[in-house]
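**Q** Protein chains in written order, with this note's numbering: chain G, 224 to 484; chain D, 51 to 374.
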Amino acid sequence: MSAIGAVAGAAATLAPRARLFPSLAAVYRAQLSRARVARIPLLFVATFQSIGIMVLMRGVVDGGSEARAVVAGSSVLVVAFVALNLLAQYFGQLRAGGGLDHYATLPVPPAAVVLGAAGAYASFTVPGTVVTAVTGSVLFGLPMVHLWVLVAVVPLSGAALSGLGAALGLLAPRQEIATLLGQLGMSAALLLGVLPADRLPEPIGWARDLLPSTYGVEALSRSFDAHPDWAVVALDLAVCAVVGVASLAVATWAYRRAAVR
Amino acid sequence: MCAVRDLVKTYPPARGRRGTPATPEVRATDGISLDVRRGEIFGLLGPNGAGKSTLVRQLTGLMRPDSGSVDILGHDLVRHPERASRLIGYLGQESTALDELTVALAAETTGRLRGLPVREARAERDAVLDELGLTEIAGRPLKKLSGGQRRLACVAAALVGERPVLVLDEPTTGMDPVARRAVWAAVDRRRAERGATVLLVTHNVIEAETVLDRVAVIERGKVIACDTPAGLKERVAGEVRVELVWRERAPLEIPEVAALRASAQESGRRWALRLAPDEARAAVAAVTGGAAFAALDDFSLATPSLEDVYLALGGGATKGLVKA
Chain G
224 MSAIGAVAGA AATLAPRARL FPSLAAVYRA QLSRARVARI PLLFVATFQS
274 IGIMVLMRGV VDGGSEARAV VAGSSVLVVA FVALNLLAQY FGQLRAGGGL
324 DHYATLPVPP AAVVLGAAGA YASFTVPGTV VTAVTGSVLF GLPMVHLWVL
374 VAVVPLSGAA LSGLGAALGL LAPRQEIATL LGQLGMSAAL LLGVLPADRL
424 PEPIGWARDL LPSTYGVEAL SRSFDAHPDW AVVALDLAVC AVVGVASLAV
474 ATWAYRRAAV R
Chain D
51 MCAVRDLVKT YPPARGRRGT PATPEVRATD GISLDVRRGE IFGLLGPNGA
101 GKSTLVRQLT GLMRPDSGSV DILGHDLVRH PERASRLIGY LGQESTALDE
151 LTVALAAETT GRLRGLPVRE ARAERDAVLD ELGLTEIAGR PLKKLSGGQR
201 RLACVAAALV GERPVLVLDE PTTGMDPVAR RAVWAAVDRR RAERGATVLL
251 VTHNVIEAET VLDRVAVIER GKVIACDTPA GLKERVAGEV RVELVWRERA
301 PLEIPEVAAL RASAQESGRR WALRLAPDEA RAAVAAVTGG AAFAALDDFS
351 LATPSLEDVY LALGGGATKG LVKA
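1) Taking C-alpha atoms, which residue in D:L262, D:E289, D:D347 and D:A362 lies nearest to T380 of chain D?
2) Identify the continuous alpha helix (DSSP H) that holds Q312 of chain G and give its terminal residues.
3) List, from N- to C-terminal side, the beta strand (DSSP E) runs of 3 residues or more that fit wholly inside the stretch 231-305 of chain D.
4) Quick one, which residues of the stretch 288-307 of chain G are near chain D if we go by CB-CB under 9 Å, in chain order?
5) Leaving out the 5 sequence neighbours to the left and right, which residues in its chain are closer than 6 Å to V295 of chain G when beta-carbon positions are compared?
6) Alpha carbon to alpha carbon, what distance is there between F447 of chain G and P366 of chain G?
7) For A206 of chain D versus T152 of chain D, is the C-beta spacing smaller than 8 Å?
8) Considering only C-alpha positions, which residue in the set D:V76, D:G66 and D:C52 is nearest to E269 of chain D?
9) Taking 8 Å as the CB-CB cut-off, is Y326 of chain G touching chain D?
10) Measuring CA to CA, which of G:L317, G:L433 and G:R257 is closest to D459 of chain G?
11) Once the 5 residues before and after D348 of chain D are set aside, which same chain residues still bring their CB inside 7 Å of it?
12) For chain G, check one thing: does any of its Cβ atoms lie closer than 8 Å to the Cβ of P71 of chain D?
13) If we define contact as Cβ-Cβ less than 8 Å, is R257 of chain G a contact residue for chain D?
14) Can you tell me where the beta strand (DSSP E) with R133 of chain D in it begins and where it stops?
15) What would DSSP say about L471 of chain G, mapped onto helix, strand or coil?
16) What does L317 of chain G touch in chain D if you count any residue whose Cβ is under 7 Å from its own?
17) Cβ closer than 7 Å: which chain D residues qualify as neighbours of V417 of chain G?
18) Is it right to say H325 of chain G is buried, meaning 16 or more other beta carbons lie within 10 angstroms of its own, or is it exposed?
19) Kindly list the residues whose CB is nearer than 6 Å to the CB of V230 of chain G, restricted to its own chain and excluding five residues on each side of it in sequence; keep chain order.
20) Would R240 of chain G pass as an interface residue toward chain D - the criterion being a Cβ-Cβ separation below 8 Å?
21) From Q398 of chain G to I138 of chain D, what does the alpha carbon distance come to, in whole angstroms?
22) Using DSSP bridges, identify the partner residues of G93 of chain D.
23) By the three-class DSSP mapping on this structure, what secondary structure does G370 of chain D have?
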């Protein structure tokens, strides 16, 4: 210790930590601005992909519960594309490129970084999901009265899927694997969400039950009933919420682990 | 105020995969001890792969050392790595996290994540952007900027939100002279006005000579010398640097020239020699008189630079050092 340090004696005062909500807001805002530049083309892709799938299925499915499943599955697919696939890629890339160092050398709570990024990606899915749900309802002649349920479906399935995406991106040993896992997750959400459940073989049905997006799809698809069973819808959304909390917690842990090696 | 003792970090051996050969175990920092004084601009100089960045990552809490201690301003950072972010402003080599943000938002967000309230973060952002001459490109994303400008924007982000210690890993890479000067002025201002201590990683010898108070020369994970730039240069004060540039090739048929070749570092038509003063005089006389002069394009005599010190210390890997 130098002479000055010895005279000063006590340890220097530490600068304050960044608090959770202000730093979450800062990360969210920064991510949203990123998305504006880099993600709009991808959002178009996500929306057109979902609308394309519905147009294809229009030739196969006439109406009834299958039509509901197709519209609900396609709408939630937009969330899966952005929140799961793109977020897994983003965190994989950030980790591989040394970008996590930037956050790790700032006094910011890990949860703020993960939740801020996840929140921004989830909110970015809103327009695409709404456009898809409305287009689908028109295409298949479904009632739109209860589409307000999207207000709960998007953030809750967004939380579950973005938590999963962030965790995959941060845990994957290499960037390519993070990308691959994100793609696979989205393919699973596509196949298991859009194809009507009662036509699937049993083991695939179980896989469907394991996928968090399924519960968002179910909740949305039930809301197309004339008199939806709101208790079941709420239960589905509760599953999304629980998975969301759990996967975001895992993602936060994974972030901590990835940041300090 | 910043004391590092016997820091050791070993990277485990990696098994070879397809396309990547196996690498043996590497001791990236091999028992490093340093003392940096308060208000000092202290440099870590060494070639690529010498272990500078590994050392810095251990100082900033990004990497846990296998053994040894790091004490910064009375805080034990090996035991409490999370305190590093509240003491140190760090500029890493990568800008991945900021690349898609605009310059202004990158600085503001970093300030907020350093714990500043919105209003203060914006005020500091404006001040730092102005200080570094970035105001005009504040609205452009980092990705769209040239390498030097992007680096400058990262420096701006590192300076928003005051810290008593700044750790800058090659801050001026790719910058033009104007930007470099702005960076050094900003760093010096923080030292003069606020007593900040600056730890700087560089592999640029010229920069090291002009801005550093003291410098530690690092090679293969060890500190091979630590002194002021002038103090280091005194070690080779008895020597003179002679540079010869031949027109096409060295006239080796002349015995005096052939004799010089043994002590020359050759790169193409260019020879560099470190000689005692009388030897240097004799060498210059030999090449400027007689037949050798016809083959000579240019020559110079100079007092030794840090690069010569580095060579004299036995640093073999000179290719990593940059003269610019």
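A virtual CB, placed ideally from N, CA and C, is assigned to each residue, including glycine.
**A** If we stick to the structure as given:
1) The shown model of chain D, from 51 to 374, leaves out residue 380 of chain D, and the question about it has no answer.
2) As a position in the first sequence, residue 312 of chain G is number 89, starting the count at 1. Unbroken alpha helix (DSSP H) run through Q312 of chain G: L310 to A319.
3) 247-252, 264-269, 272-277 and 290-296
4) Within the stretch 288-307 of chain G, contact with chain D at the beta-carbon level (separation under 9 Å) is assigned to no residue.
5) Start at 1 with the first residue of the first sequence, and residue 295 of chain G comes out as number 72. Looking at the sequence shown, residue 295 of chain G is not Val but Ala. Cβ neighbours of A295 of chain G beyond the five flanking positions: V440, L443 and S444.
6) For this step, residue 366 of chain G is matched to residue 143 along the first sequence. For this step, residue 447 of chain G is matched to residue 224 along the first sequence. About 6 Å.
7) Taking the first residue of the second sequence as 1, we reach residue 206 of chain D at position 156. Taking the first residue of the second sequence as 1, we reach residue 152 of chain D at position 102. Their beta carbons are not under 8 Å apart, which means A206 of chain D does not touch T152 of chain D by this criterion.
8) If you number the second sequence from 1, residue 269 of chain D lands on position 219. That would be D:V76, whose Cα lies nearest to the Cα of E269 of chain D.
9) If you number the first sequence from 1, residue 326 of chain G lands on position 103. Closer than 8 Å: yes.
10) As a first step, residue 459 of chain G is located in the first sequence; it is residue number 236 there, counting from the start. For D459 of chain G, the nearest C-alpha among the options comes from G:L433.
11) As a first step, residue 348 of chain D must be located in the second sequence, where it is residue number 298. If we look at D348 of chain D and ignore the five residues flanking it on each side, its Cβ neighbours are V295.
12) Numbered from 1 along the second sequence, position 21 holds the residue referred to as residue 71 of chain D. Not an interface residue.
13) Counting from 1 along the first sequence, the entry for residue 257 of chain G is found at position 34. With respect to chain D, the C-beta atom of R257 of chain G has a partner C-beta closer than 8 Å.
14) In the second sequence, residue 133 of chain D corresponds to position 83, counting from 1. Taken as a continuous stretch (DSSP letters only), R133 of chain D belongs to no beta strand (DSSP E), as it is neither H nor E.
15) Here residue 471 of chain G refers to the residue found at position 248 when the first sequence is read from its first residue. In this structure, L471 of chain G counts as helix in the three-state DSSP scheme.
16) By one-based count along the first sequence, residue 317 of chain G stands at place 94. Simply T146 and A147.
17) As a first step, residue 417 of chain G is located in the first sequence; it is residue number 194 there, counting from the start. Chain D residues near V417 of chain G: none, gap ~31 Å exceeds 7 Å.
18) As a first step, residue 325 of chain G is located in the first sequence; it is residue number 102 there, counting from the start. Flag for H325 of chain G reads buried.
19) Numbered from 1 along the first sequence, position 7 holds the residue referred to as residue 230 of chain G. Because V230 of chain G carries a pLDDT of 42, less than 50, the predicted location of this residue cannot be relied on, and no value is offered for it.
20) Stepping through the first sequence from its first residue, residue 240 of chain G is reached at position 17. Taking Cβ atoms only, chain D reaches closer than 8 Å to R240 of chain G, which makes this a yes.
21) Here residue 398 of chain G refers to the residue found at position 175 of the first sequence. Here residue 138 of chain D refers to the residue found at position 88 of the second sequence. So the two alpha carbons sit approximately 29 Å from each other.
22) For the purposes of this step, residue 93 of chain D is taken as residue 43 along the second sequence, with counting starting at 1. Partner(s): D:L250 and D:V265.
23) Walking along the second sequence from the start, residue 370 of chain D turns up at place 320. Caution applies to G370 of chain D, whose pLDDT of 47 falls short of 50 and renders its modelled position unreliable; the model cannot decide the point.
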